[in-house]
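Protein sequence lines correspond, in order, to chains A and B. Residues 0 to 135 in numbering that gives the first Met the number 0 are what the first sequence lists, from first letter to last. Residues 0 to 207 in numbering that gives the first Met the number 0 are what the second sequence lists, from first letter to last.
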Amino acid sequence: MSDVGHAGARHGDHHAQGDAPHGSLGGYMIGFGLSVLLTAIPFWLVMTGALGDSRVTAFVIMGLAGVQILVHMIFFLHMSTRSEGGWTMMALIFTVVIVGITLAGSLWVMYHLNANMMPHASMPGGDGVHDMQDMR
Amino acid sequence: MSGTTLPSGDRPVFYETEEHAHPEGASTMLGFWIYLMSDCLIFACLFATYAVLGGSYAGGPGPRDLFELPLVALNTTMLLLSSITYGFAMLVMDKGRVGATQLWLAITGLFGLAFLSIELTEFANLIHEGATPQRSAFLSSFFTLVGTHGLHVTFGIVWLVTLMAQVARHGLIAANRRRLMCLSLFWHFLDVIWIGVFTFVYLLGVLR
Numbered sequence: 000m001s002d003v004g005h006a007g008a009r010h011g012d013h014h015a016q017g018d019a020p021h022g023s024l025g026g027y028m029i030g031f032g033l034s035v036l037l038t039a040i041p042f043w044l045v046m047t048g049a050l051g052d053s054r055v056t057a058f059v060i061m062g063l064a065g066v067q068i069l070v071h072m073i074f075f076l077h078m079s080t081r082s083e084g085g086w087t088m089m090a091l092i093f094t095v096v097i098v099g100i101t102l103a104g105s106l107w108v109m110y111h112l113n114a115n116m117m118p119h120a121s122m123p124g125g126d127g128v129h130d131m132q133d134m135r
Numbered sequence: 000m001s002g003t004t005l006p007s008g009d010r011p012v013f014y015e016t017e018e019h020a021h022p023e024g025a026s027t028m029l030g031f032w033i034y035l036m037s038d039c040l041i042f043a044c045l046f047a048t049y050a051v052l053g054g055s056y057a058g059g060p061g062p063r064d065l066f067e068l069p070l071v072a073l074n075t076t077m078l079l080l081s082s083i084t085y086g087f088a089m090l091v092m093d094k095g096r097v098g099a100t101q102l103w104l105a106i107t108g109l110f111g112l113a114f115l116s117i118e119l120t121e122f123a124n125l126i127h128e129g130a131t132p133q134r135s136a137f138l139s140s141f142f143t144l145v146g147t148h149g150l151h152v153t154f155g156i157v158w159l160v161t162l163m164a165q166v167a168r169h170g171l172i173a174a175n176r177r178r179l180m181c182l183s184l185f186w187h188f189l190d191v192i193w194i195g196v197f198t199f200v201y202l203l204g205v206l207r
């Protein structure tokens, strides 16, 4: 019985290692090269103001950050739909959804809260406090 | 077992009385990944807080007055270099070369320390200029977000040194390989978070 258990454990170890993501030197170097580019470009854009319009620059650097996060996920964290039988991907998708709700929800709610509570957003002739009292 | 109905009839029924084998460490990587995802939620909350409060300067200094992008670029470089050197450590670990693994881990730790020193220098400069966490909501949320990331890096370095001692003592046994792979996930994950920090806090802050 102990023999079987031992063999099982050894098989399990092998399984765990075989299943585990392994990078290759080429993969790491591609990831590193892409990351350097994707880091250098946004810093360059902001420090030189090469695009002129700051709104366009903002969208470009946010896009580049998204791409760089994907690069890190694939080449450094070795994410794939197959690792751990797909469960790491499920956990990741769940997290991305929650993070999206947290960020978008906070910004949405707090923006409207700010817009409605700011004293200078009130009607002419009265400040915010009076507005609040009038509404009661 | 209380919920099952007892079998009627003469068909034989078999129960598994022993739990099937759970080999040591078989589920560690998935468990650690789920920890990282929960850590990701902490950072999502801190990012959301910064996004809401980041424009409330309370008449104090804003990002444009405070942030020095060359310093942040240097910091980012340090963290990115530490990521690739950790990758090299994993590659030589796969080949079972203890000395080379220790060397790359040590280099990773040094880059991590460089990152921390630069960040602490930046914090010291800010506080010296009077831009303390108490100054405005913007600075409170800034120090909380960037400080939490820095704290993670600090604990990552503590963990790295611990594992170097483990490897020195026991060699690259299966347990140590597994631990090193967990730290690898943690370390690369911190680099992913830093992408968000330098983009949304520093670069977009200076643009604003």
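Glycine included, C-beta positions come from ideal geometry on N, C-alpha and C.
Contact with chain A by residue i, beta-carbon distance below 7 Å
{"i": "Thr107 of chain B", "result": "no"}
{"i": "Val205 of chain B", "result": "yes"}
{"i": "Thr198 of chain B", "result": "yes"}
{"i": "Ile126 of chain B", "result": "no"}
{"i": "Glu18 of chain B", "result": "no"}
{"i": "Ser1 of chain B", "result": "Note that Ser1 of chain B scores a pLDDT of 49, beneath 50, so its modelled location is shaky and nothing firm can be said."}
{"i": "His155 of chain B", "result": "Looking at the sequence shown, residue 155 of chain B is not His but Gly. False, the Cβ-Cβ gap to chain A never drops below 7 Å."}
{"i": "His187 of chain B", "result": "yes"}
{"i": "Val191 of chain B", "result": "yes"}
Short CB-CB distance (under 7 Å) between residue i and chain B
{"i": "His129 of chain A", "result": "Confidence is the limiting factor: at His129 of chain A the pLDDT is only 43, short of 50, which leaves the residue's position unreliable and the question unanswerable from this model."}
{"i": "Trp43 of chain A", "result": "no"}
{"i": "Ile60 of chain A", "result": "yes"}
{"i": "Leu36 of chain A", "result": "no"}
{"i": "Leu102 of chain A", "result": "yes"}
{"i": "Ile68 of chain A", "result": "yes"}
Beta-carbon neighbours of residue i, restricted to chain D and to distances below 7 Å
{"i": "Ala90 of chain A", "result": "Among the protein chains of the structure shown, namely A and B, there is no chain D."}
8 Å Cβ shell around residue i - same chain, five flanking residues per side excluded
{"i": "Gln165 of chain B", "result": "Asn175, Arg178"}
{"i": "Thr27 of chain B", "result": "Arg177, Cys181"}
{"i": "Asp18 of chain A", "result": "Because the pLDDT of Asp18 of chain A is 44, which lies under 50, any placement of that residue in the model is unreliable, and the number read from its coordinates should be weighed accordingly. Cβ neighbours of Asp18 of chain A beyond the five flanking positions: Ser82, Glu83."}
{"i": "Ile29 of chain A", "result": "Phe74"}
Cα-Cα separation, residue i to residue j
{"i": "Thr48 of chain B", "j": "His19 of chain B", "result": "46 Å"}
{"i": "Met92 of chain A", "j": "Gly65 of chain A", "result": "The identity of residue 92 of chain A in the sequence shown is Ile, whereas the question assumes Met. So the alpha carbons of these two residues sit roughly 15 Å apart."}
{"i": "Thr161 of chain B", "j": "Leu189 of chain B", "result": "18 Å"}
{"i": "Ala136 of chain B", "j": "Gly59 of chain B", "result": "10 Å"}
{"i": "Ala8 of chain A", "j": "Pro41 of chain A", "result": "For Ala8 of chain A, the predicted model reports a pLDDT of 40, less than 50, meaning its position is unreliable; a value from the coordinates is still stated below. Going by the C-alpha atoms only, they are around 49 Å apart."}
{"i": "Leu102 of chain A", "j": "Thr56 of chain A", "result": "21 Å"}
{"i": "Met46 of chain A", "j": "Val97 of chain B", "result": "43 Å"}
{"i": "Phe141 of chain B", "j": "Leu69 of chain A", "result": "25 Å"}
{"i": "Gly143 of chain B", "j": "Val12 of chain B", "result": "According to the sequence shown, residue 143 of chain B is Thr rather than Gly. Those two C-alpha atoms are separated by around 59 Å."}
{"i": "Ala105 of chain B", "j": "His187 of chain B", "result": "16 Å"}
{"i": "Gly149 of chain B", "j": "Ala173 of chain B", "result": "30 Å"}
Nonlocal neighbours in the same chain, by C-beta distance under 6 Å from residue i, ignoring five residues either side
{"i": "Ala99 of chain B", "result": "Val91"}
{"i": "Leu78 of chain B", "result": "Phe114, Asp190, Trp193"}
{"i": "Met72 of chain A", "result": "Met78"}
Neighbourhood of residue i by C-beta distance below 7 Å, restricted to the same chain and skipping five residues each side
{"i": "Asn74 of chain B", "result": "Phe114, Ile117, Glu118"}
{"i": "Val152 of chain B", "result": "Gly111, Phe114, Leu115, Leu189"}
{"i": "Leu125 of chain B", "result": "Leu65"}
{"i": "Leu171 of chain B", "result": "Met92, Gly95, Val97, Thr100"}
{"i": "Pro132 of chain B", "result": "Leu138, Ser139, Phe142"}
Listed from N- to C-terminal order along the chain, which residues in the segment 21–54 of chain B have their beta-carbon within a distance smaller than 7 Å of any beta-carbon of chain A? Hits within the stretch, in order: Pro22, Glu23, Gly24, Ala25, Met28, Leu29, Trp32, Ile33, Met36, Cys39, Leu40, Ala43, Cys44, Phe46, Ala47, Ala50, Val51.
Which residues, taken in chain order from the segment 69–85 of chain B, show a beta carbon closer than 7 Å to some beta carbon of chain A? So the list reads Ala72, Thr75, Leu79, Ser82, Ile83, given in the order they occur along the chain.
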